[in-house]
Every structure is written in structure tokens, then in C-alpha cells.
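Report on the structure given below.
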Amino acid sequence: MKKRVTVVILVGFLVILSAIFIPRVQTNYDMTQYLPIDSNTKIGLDILENEFGNESSVEILINDISVANVLAIKAEILNVNLVSSVIWLDDYVDLNVVPIEFIDPSVVSPFYQDSDALLIVNFTGDSYQLELTESMEDVEDIVKNYVVQYRGDLLMNREARTIASGEVTKILFLIIPVIIIILLFASKTWIEPIIILVSLGIGVALNSGTNALLPDVSFITLTMALALQLALSLDYSLFLIHRFYEEKEKEADPVKASKLALKHAFPSITASAFTTIAGFSALFLMDYRIGSDIALVLSKGILFSYLTAVIVLPIFLIWCDKLITKTKHRVFLPSFKKYSIALYKLRFILVPILVIISILGFIYQQKTEYVYGSGSLADETTTLYTDNQIISERFGSRNLSIILVPNETVLQEVNLVNHLLSLENIESVQALVTSADPNIPREFLPAELVSQFVGESYSRIIINTTIDGENAEMYRLNAEIRETVGLYYDDFYTVGMTSSVSDIKDSVLADSAMVVIFSCLAVGFIIMLIFKSISIPVLLVMIIQSSVWLNISLLFAQGIQTQYIGYLVVMSIQLGATIDYAVLLTNRYMDFRKTMNPHDSILEAFQKSSTSIIISAVVLSVAGFVEGFFSDILSVTEIGLLLGKGALISGLLIFIFLPPSLVLFDKLIMKTTLHPKGIEKTRN
């Protein structure tokens, strides 16, 4: 008794400590930090920062404003802290000398149309700096009396922070009531959902608090982690509680029943936890390090939930035994005996159908189209999205890329700039050779002008393209730009959305085969150790992998593009997490096979495990769909929807095809499985 109290007090202390550290967790919103360290874009970003410093810009469209008022506002904005410059028409033409109506319209139109002015405000500092947010608020205050639209990464990052800060709370308020309803519907006692949620809450608190020990965690990971940990680790509590009910039917003493329940459920719980972690482990191998970020936080969470289930939950069951008995109610889920009998009879039909589904899923999942960028906002009704559309329609899109080339000859740079200007979809090119006569020696040019384009070792060339968003044209143009620069320089780097997304695409495509193969091998290896079998891991992994293929192939059938990094993450989660259901059913089948024939074993195994499988699959699916339908972060939305569908598909395939597969391949399983001493193989 004293040991149990000591354990709970110690765990309670750790939970309180973790809660204190949760506000100290550092959140990262800069996805370029996860680029491979040897990628062209990542190296270019480091060079750009070292030679030119950090900077960011925001475009402001001010509606219905006179030239005089634009100049007055520009002067006021220039006095705002961290504003380095404000670019407008007067930087190219002296408006005090030449009236605007006499200026070439091609010069005026990029800055002033129909009494609407477009200003470009440049800030000193990275667009992720909180200090710049304060400066931007000062700028917004200056133009508050006008109708304005904004466009820029600084605003997108601010919006992402605002959304992410409330995202976890919103998702929790949505998902916890749903989980409680599902648990009440499927439980045997009214107190069961509370016991499970307290157990899960301990694991979640420990995981959230220990995130403070990491340098930082991506906002995408933090948004998903809590809900996914709840859904992914629910199995462990269910497996133990349902086994406890079984043991209580044979052993009245709650202490003995709890020990027996843990002894018998331990293999399933351990296999479930470590197959989930094994599924995540492949993400650690990705060069695009957002995979490691997600894998580390979720793996840590699964480990804490596992330890809570095997250490703390048995104590709760002992202490709450009388309350469990008093609050019993009838089971609302139906008996699946007739269903399991039908599956047995149809085994020779169902297994070939599974093979056909697997083949079709494998073929059509390869036809699914992917995108490789990571948009921050999913809601197209946001003000920022609308502002961007208005500015693009009236003043064109603005997709800047920076080329860093060695400081060699001026002639090389002139030739490169002229070549770039001849390329399709390039709207403008800014460089020192376009801002000043290249025939003038650079030492005679204003130092302020030279410093904008020439660093210690590299010069920068800024190009603006007409391509907006990620598409085939963007990839074609990026390849063409790099090929063109390569004609003039051996050593060069490209920086910007276009090059960043291209590098992400190259990285994740190179990682994809490794992630899939390693996930399957790692999960299969864990199952092999648990069951001491060669055939069981092959069968279970094949069924779950088929559900992954079917999940992805449905995107092709719907004509939907999805983020490739989302596919890799969901594939790892779906494989590592939903295989728990297969492990539970197989473990019960192998237990009953010690004393029963295949027919009776599968009927009993299905009866004992069906409730846990249904609850786990539905809860994980609900968690995914809640993230998918209610998150305002695009990456989280796509991962949530994929996971929601994937959990349902995995649950259905296991429910329909695993029982007949176990029976049909029983002889092979028995021949390729190491049986404990003293256990005879039961004849078919």
C-alpha cells in the first residue's frame, strides 16, 4: 500500500513540475530551419544573414490617397523603430520637380493606380522576430484612418502565432467531450472514462512539460501533439482495463486481478507502444528535419503514456475497484459473435479480396499528386488571404528570389542579369548593375547603395517572378534559373520560397522510400520479438500497409492534392499506431490457440478484443477529423484529415480481413512461431 501511495505522490510531483515548465516551451514558426543543412537554400540563407543581415518586408496598399499624403505617411513610417526603408515612386522620380501626370505610366503603375498607393516597408530583422511585430503595429497605427491591405511574411508569421496559441485549447475542448461520449458508450462502468482520461492526462502533462528541455518545437508539432497523444495512447488504458474486467470475473481480489491483468495485457500494451514509436523512428532519418521534430515529441509522449499505463493505471484500478463495481452499466455495443462466425465462413473469399485491395491501393496511391510547400493558413476567408488577393489583382503578385553570386567581374553580373531578364515569368531583376551604371567604378558609387547588393564575398541579385504559389511552372522556373546562373558562376546560392520548396521536394522525395521501408522493418521487428514469429509481422504489416495505400489512393480518386510531408507523417502514424489493433487481436488469438482450435480461437479472440479495437479506431479517427475540420493551419488540417480516414480504414481492414487471414494462414503461423515450452500446438 505504501509503495502505491509513494508512486502516485512521485508522479503527482512530476506532473506539477511539468505543468510549471509548459509555458517555457520555445515554439518555432520558421520552417526553413528544418531544411537539410547541406541544401543550397539553407547554405544561402546563412550566407545572406552573414553578409547582408536579416531583413523582411511588408507591402501596404493604401486606398484613395493623394500623393502628398502618401509622402507624409512614408516619412512617418520611416521613423518607426526597426524600419530601414520605405520604397515608393519618389525613390525613382523626384515628385517635387516632375508632376505625377507627366511621368511615364510604366514607372508609376507599380506604385500608384487610381489614387491607390502601394508602399514596400523594409524592416531590419527576421520576419519571425517578436520585436518586428511591435514595429508593424506602429505602422498599422499610422495608416489606421485609411482602407488598407497588407501582404508579407511578417504578417503571415504573426497570424500563425495567433492561430497556434489558441489552436491547442480549441482542439482539446472539441475532442475531450467526444472521447468521453465514445468511452461512455463502449464502457462497462460510468467511472471508466474518468480513470482513462486521468491516466492519459498524466502522460500528456509529462510530455508537454518536458518539451521545455528541447531547444524549440515547431508550431505544427505542438498543435498536433496533444490531441494525437491522447488518441494514440488510449489503446494502452483500454487493453489493461478490459483485461482487468476479465480477471475480476475469476479473481475477486482487486490487487491480484490487477497483477494478472497487467501480466496478460503487458505483451499487447508493450507491442502497441513500441510499434508506434518504431513507426515514428523512420521520421528521424529524414533530411528535412520537421520529421525529427514531430517524431521526437510524439515518441516521447507515447513513452510517457505507456509508462503511465503500466505503472499508475493498475494502482488506480485497485483504488477505484469498489467504485467500478458500483457504477457498472449494461454494455451498449452489440455482440459480434454472429459477425465473427460469418467472417470465418467467408475466409476463402475475404483473403483474396484483401489481396486485390492491396494491389489496387498500391497502384493508385502512386498516382496521387503532392505539393511540397507548407502553407501556414488553411482558411481562405482570412483577412490576410483576401488582402493578398486584392493586391495581386491590382498590382500583381510578388514572389521574390535572391541569387547569391561571388564578387567576381562586373561583366559576368551584367551578362547574367540580361540573361535572367530574357527568361519567361521573370518580371524584374534588381542588382547593383541595374541600380547604377555598371561602367562607373563601384568605389565611386554611394556606399549605402553598394551595401544593399554587395557583401564581403557575395553579391545579391533580387528577382521578382510572376508565378504565384506552388505549381509545375514554379519548379520549371527554379530549375531554369539555377541552370542559367550555372552558366556564369560555379559557386552560387538561391534563396526564397521557390528555391526553398524545390529543396524540400528534393529532400522528401529522397527520404520517402527510406521512411516507408524503415517504418515497415522497424514495426515488423518489434512484432517479431513480441510474438517470436516470422509470419505474424509480415501478415500484420501487410494489412496495415494496405490500409495506408488505400488511404492515399482515395486522394487520387477524389482528385485532391496533399502535402507530401503530411503523407510521410501520416504513413508513419497510421502504420505504427493502428497496427495496435492487429496486435491485440492476434495476441488474443495466439493465447486461445494454446487450448483451442482455429475456429474457436478466432471467435473468442474477436469477442474479447472487438470493443477495444472499435473504441481505439473511432477515437483516433475522431481526433484526426477534429484536427482536420477545425484547425486553421494547413499542414495540420491535411494531416488530420488523412489520419482520420486512415484510422477508419485500418480499423475496417483489421475488423474484416485479419480474422479470416489468421485462420487461413494458421498452419503457416504455427510452423513459423516459436512456442513456449510445455505448450503443444493444437490441431486444426
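In this note's numbering, the protein residues as written are 4 to 687.
Ideal Cβ placement from N, Cα and C applies to all residues, glycine included.
A quick note: this is a predicted structure, and the numbers were derived from the prediction, not measured.
If residue i and residue j are in contact, beta carbons under 8 Å, what's the gap, nearest whole angstrom?
i, j, result
"LEU229", "VAL171", "6 Å"
"ASP67", "ASP144", "Contact flag wrong, Cβ pair sits at about 19 Å."
"TYR696", "ILE63", "Only positions 4 to 687 of the chain appear in this structure, which leaves residue 696 out of reach."
"VAL83", "SER130", "The pair is not a contact, with the Cβ atoms about 16 Å apart (cut-off 8 Å)."
"ASN436", "VAL417", "Here the sequence assigns Val to residue 436, which means Asn is not the residue at that position. Indeed they touch by this definition, with Cβ atoms about 5 Å apart."
"VAL498", "LEU48", "6 Å"
"LEU578", "ILE547", "5 Å"
"ILE1", "LEU233", "The question about residue 1 has no answer, for the chain in this structure spans 4 to 687."
"GLU641", "THR565", "5 Å"
Using the three-state DSSP reduction, which class does residue i fall into: helix, strand or coil?
i, result
"THR676", "strand"
"LYS331", "strand"
"LEU380", "With a pLDDT of only 48 at LEU380, under the threshold of 50, the placement of this residue in the model should not be trusted; the figure read from the coordinates follows. LEU380 falls in the strand class under three-state DSSP."
"GLN455", "helix"
"GLY212", "helix"
"TYR153", "strand"
"ALA298", "helix"
"LEU667", "helix"
"SER634", "coil"
"ILE68", "coil"
"GLY499", "strand"
"SER692", "The chain is shown only over 4 to 687; residue 692 falls outside these bounds and no answer can be derived."
"VAL89", "strand"
"PHE339", "coil"
"PRO409", "strand"
"SER462", "strand"
"ASN442", "coil"
"TYR492", "coil"
"THR469", "coil"
"ASN474", "coil"
"ASN99", "coil"
"ILE12", "helix"
"LEU20", "helix"
"LYS6", "helix"
"MET289", "coil"
"ASP603", "helix"
"ILE205", "helix"
"GLU162", "helix"
"LYS535", "coil"
"ASP129", "coil"
Mind checking who residue i pairs with in its DSSP beta bridge?
i, result
"ASP119", "GLN116"
"PHE247", "None; PHE247 has no bridge partner."
"SER284", "Paired residue(s): none; SER284 is not in a bridge."
"THR598", "For THR598, which the question treats as bridged, DSSP gives no partner whatsoever."
"TYR373", "THR565"
"VAL124", "VAL61 and VAL89"
"THR30", "VAL220"
"THR192", "LYS331"
In the DSSP assignment, the alpha helix (DSSP H) including residue i goes from what residue to what residue?
i, result
"GLN1", "No answer is possible for residue 1: the residues shown for the chain start at 4 and end at 687."
"PRO540", "538-561"
"GLN415", "413-424"
"VAL142", "133-145"
"ILE394", "386-398"
"ARG591", "567-595"
"GLN368", "350-368"
"ARG401", "Here ARG401 belongs to no alpha helix (DSSP H), and DSSP marks it neither H nor E."
"PHE319", "316-322"
"PRO108", "108-111"
From what residue to what residue does the beta strand (DSSP E) around residue i run?
i, result
"SER431", "429-433"
At least three beta-carbon pairs within less than 8 Å, the region 656-676 to the region 206-213: no
The region 262-274 touching the region 301-313, judged by at least three CB pairs closer than 8 Å: yes
The region 316-329 in contact with the region 298-305 per 3-pair CB rule at 8 Å: no
Validate contact between the region 482-490 and the region 233-250 using beta carbons, cut 8 Å, 3 pairs: no
Three-pair Cβ contact test at 8 Å for the region 496-516 versus the region 446-457: no
Cβ pair count under 8 Å reaching 3, the region 522-542 against the region 280-287: Taking a contact to require three or more Cβ pairs closer than 8 Å, the region 522-542 and the region 280-287 qualify as touching.
Touching by the beta-carbon criterion (3+ pairs, under 8 Å), the region 229-245 and the region 618-634: Two segments are said to touch when three or more pairs of C-beta atoms, one from each, lie closer than 8 Å; by this definition the region 229-245 touches the region 618-634.
At least 3 beta-carbon pairs within less than 8 Å: the region 591-601 vs the region 561-576: no
Stretch-stretch touch, CB-based, cutoff 8 Å, three pairs: the region 157-168 with the region 79-95: no
Touch test, the region 394-414 against the region 530-543, Cβ-Cβ under 8 Å, three pairs minimum: no
The region 250-269 in contact with the region 491-507 per 3-pair CB rule at 8 Å: no
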